[in-house]
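S.K.: Note that the working numbering has the sequence shown beginning at 83, numbered continuously upward.
Even for Gly, the Cβ is constructed at its ideal location relative to N, Cα and C.
Model, not experiment: these values are computed from the prediction.
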Amino acid sequence: MSNGPFAVFVYGTLMRGEERAAKWPRPALRVEPAVIRAALYDLGPYPAVTVGEDLVRGELWRLAETDMTATLAALDAIECYGQGGVDLYVRRLVSCSTESGETCTAHCYFIADPRTLADGRKVSPGVEGWSRWRRRRD
Numbered sequence: 083m084s085n086g087p088f089a090v091f092v093y094g095t096l097m098r099g100e101e102r103a104a105k106w107p108r109p110a111l112r113v114e115p116a117v118i119r120a121a122l123y124d125l126g127p128y129p130a131v132t133v134g135e136d137l138v139r140g141e142l143w144r145l146a147e148t149d150m151t152a153t154l155a156a157l158d159a160i161e162c163y164g165q166g167g168v169d170l171y172v173r174r175l176v177s178c179s180t181e182s183g184e185t186c187t188a189h190c191y192f193i194a195d196p197r198t199l200a201d202g203r204k205v206s207p208g209v210e211g212w213s214r215w216r217r218r219r220d
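(1) How many angstroms separate the CA atom of Val-113 from the CA atom of Ala-200?
(2) Considering only C-alpha positions, which residue in the set Gly-126, Val-92, Glu-100, Arg-144 is nearest to Pro-109?
(3) Nearest-angstrom Cα distance between Lys-204 and Glu-181?
(4) Are the stretch 171–189 and the stretch 117–132 touching, with three or more C-beta to C-beta distances below 8 Å?
(5) Which same chain residues, not among the five before or five after Met-83, have their C-beta less than 6 Å away from its C-beta?
(6) May I have the straight-line CA-CA distance separating Thr-95 from Glu-101, to the nearest angstrom?
(7) Please report how far the alpha carbon of Gln-165 lies from the alpha carbon of Ala-156, in whole angstroms.
(8) Is it buried or exposed for Ser-213, if we count other Cβ within 10 angstroms and need 16 for buried?
(9) According to DSSP, is Glu-141 part of a helix, a strand, or is it coil?
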């Protein structure tokens, strides 16, 4: 096993209450609101982040060390990363800040080709000071 990190930051369909929340292969030890520095885009049925300076709000899922390999393998498949074809997302390490003021490192999925964001709508920070993706309700 590695030395960590043992956490994943998510900002879209893998968050609690979203359509892929049940796809986590292992339960989290703890899930808490957190933010990262990035630029958030709404691509319709799902969001994407790329390098940027906005605060993007999502969830920090803390996992047991023994669950990380299975969790990352499952999430890589969901996010189309490293599956032998063209990657839709790439997994990077990010610095997260939790509501309690703690800072930690976590895995996060960024759009692989930022040029694909030309069709998306950038989500600007709201009055709270951060951006957050919300599913479009038809």
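M.R.: The structure says:
(1) For the purposes of this step, residue 113 is taken as residue 31 along the sequence shown, with counting starting at 1. For the purposes of this step, residue 200 is taken as residue 118 along the sequence shown, with counting starting at 1. Distance between the alpha carbons of Val-113 and Ala-200: 32 Å.
(2) For the purposes of this step, residue 109 is taken as residue 27 along the sequence shown, with counting starting at 1. It is Arg-144 whose Cα lies nearest to the Cα of Pro-109.
(3) Within the sequence shown, numbered from 1, the residue matching residue 204 stands at position 122. Within the sequence shown, numbered from 1, the residue matching residue 181 stands at position 99. Cα-Cα distance, rounded: 24 Å.
(4) yes
(5) Counting from one through the sequence shown, the residue named residue 83 turns up at place 1. In this prediction, Met-83 scores a pLDDT of 44, lower than 50, which makes its location untrustworthy; the coordinate-derived value is nonetheless stated afterwards. Only Glu-147 meet the Cβ criterion.
(6) Sequence index remark: in the sequence shown, residue 95 carries index 13 (1-based). Sequence index remark: in the sequence shown, residue 101 carries index 19 (1-based). Each residue's alpha carbon lies about 6 Å from the other.
(7) In the sequence shown, residue 165 corresponds to position 83, counting from 1. In the sequence shown, residue 156 corresponds to position 74, counting from 1. For Gln-165 and Ala-156, the distance between alpha carbons rounds to 11 Å.
(8) On the sequence shown, residue 213 is found 131 positions in, with the first residue counted as 1. Answer is buried; the Cβ neighbour count reaches 16.
(9) Translated into the one-based positions of the sequence shown, residue 141 becomes position 59. In this structure, Glu-141 counts as strand in the three-state DSSP scheme.
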